[in-house]
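These notes are about the structure you will find just below.
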Amino acid sequence: MSTVDWTAWRAQAAEPGAEGLREQKKRRLRQCLSDTATEMFLERGFDAVRVSEIAQACGVSEKTVFNHFPTKESLILDRGEATMAALRTGLAEPDRSPVEAALWILSDELRAMTSWIAAQDDPVHAAAKIRRFGALTRSAPSLRAYHRDMTDRLVTVAAEALAQRTRSSPDDPEPQIAATALLGLWSIQFQSLGRHLDGARTPTEIHEAVTADVRRAAKLIDTGLASFEGAAPTR
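Under this note's numbering, the sequence shown has 63 at position 60, and the numbering climbs by one with no breaks.
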């Protein structure tokens, strides 16, 4: 089984230089578990792999796996927590509009992926593996359910941050629809990657094409979000 550093373009821990030895050990184990799970799921299918097999391949107990990842699904769908933290930070910045904050986060996530592709010995093969990873995340009902749940959590976080910007309630319809629209940009980026990771484009061309698609979508919702921020809350 190949050893691809899948976590290089997914959820990131603290900068290694800022970590103590214990934190470094935990990060490396998380990387081993997530990367090993990804390779096994790609090779055999998500439902065909048991968590105990992943644990055995990494030389740990099944309990240790669940100490680091609460569910089997989170072994590969671990990007959401990092996106959640980035949303809280980005949407709290008053100098950035909500759309600008979302575009900044999306660009950062996309850059991590295309930089990873460019750094591989065979970028075309690396791009194909990411396409397979995308297909994997849609392959099992439990993975799709986990993704929907994570999207709901991200919408809640975004609605809370947007409500703070406008001094409204996160349960009001305006921050709810604004948050849902913002999170829709992640769907656009995911779908665009599926089209452009075709082996015919360089990492730079992939980044440019996906960015263009996301910005087209962002332009469509920017006016509505701007009017939401300018509106006084009604009670």
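From the three backbone atoms N, C-alpha and C, an ideal C-beta is built for every residue, glycine too.
Because the structure is a prediction, the values reported are computed rather than measured.
Residue i, buried or exposed, once every other Cβ within 10 Å from all chains shown has been counted against 16
i: residue 162; result: buried
i: residue 94; result: buried
i: residue 75; result: buried
i: residue 204; result: buried
Alpha-carbon spacing of residue i relative to residue j, whole angstroms
i: residue 47; j: residue 202; result: 23 Å
i: residue 168; j: residue 222; result: 20 Å
i: residue 150; j: residue 173; result: 22 Å
i: residue 225; j: residue 179; result: 15 Å
i: residue 147; j: residue 137; result: 11 Å
i: residue 4; j: residue 210; result: Any answer about residue 4 is weak, because its pLDDT of 47 lies below 50 and its placement is not dependable; what the coordinates show is given next. Looking at the two C-alpha atoms, the distance is approximately 29 Å.
i: residue 166; j: residue 85; result: 21 Å
i: residue 105; j: residue 218; result: 10 Å
i: residue 30; j: residue 213; result: 30 Å
N-terminal and C-terminal residue of the alpha helix (DSSP H) that residue i is part of
i: residue 44; result: 24–47
i: residue 62; result: That residue, residue 62, is in no alpha helix (DSSP H); it is neither H nor E in DSSP.
i: residue 145; result: 144–169
i: residue 88; result: 82–94
i: residue 2; result: Only positions 4 to 238 of the chain appear in the structure, and residue 2 is not among them; the question remains open.
i: residue 138; result: 126–140
Residues near residue i by beta carbon distance below 6 Å, same chain, minus five either side
i: residue 78; result: 37, 40, 72
i: residue 158; result: 182, 183, 186
Check: residue i C-beta below 7 Å from any heavy atom of the ligand SAH
i: residue 123; result: Annotation note on the ligand SAH: not contained in the displayed structure, which lists no ligands.
Under the three-state DSSP convention, the category residue i falls into
i: residue 215; result: helix
i: residue 203; result: coil
i: residue 1; result: Residue 1 lies beyond the residue range present for the chain, which begins at 4 and ends at 238; the question has no answer from this structure.
Nonlocal neighbours in the same chain, by C-beta distance under 8 Å from residue i, ignoring five residues either side
i: residue 45; result: 132, 135, 136, 139
Sequence-distant residues of its chain with Cβ nearer than 7 Å to residue i (five each side left out)
i: residue 91; result: 160, 164
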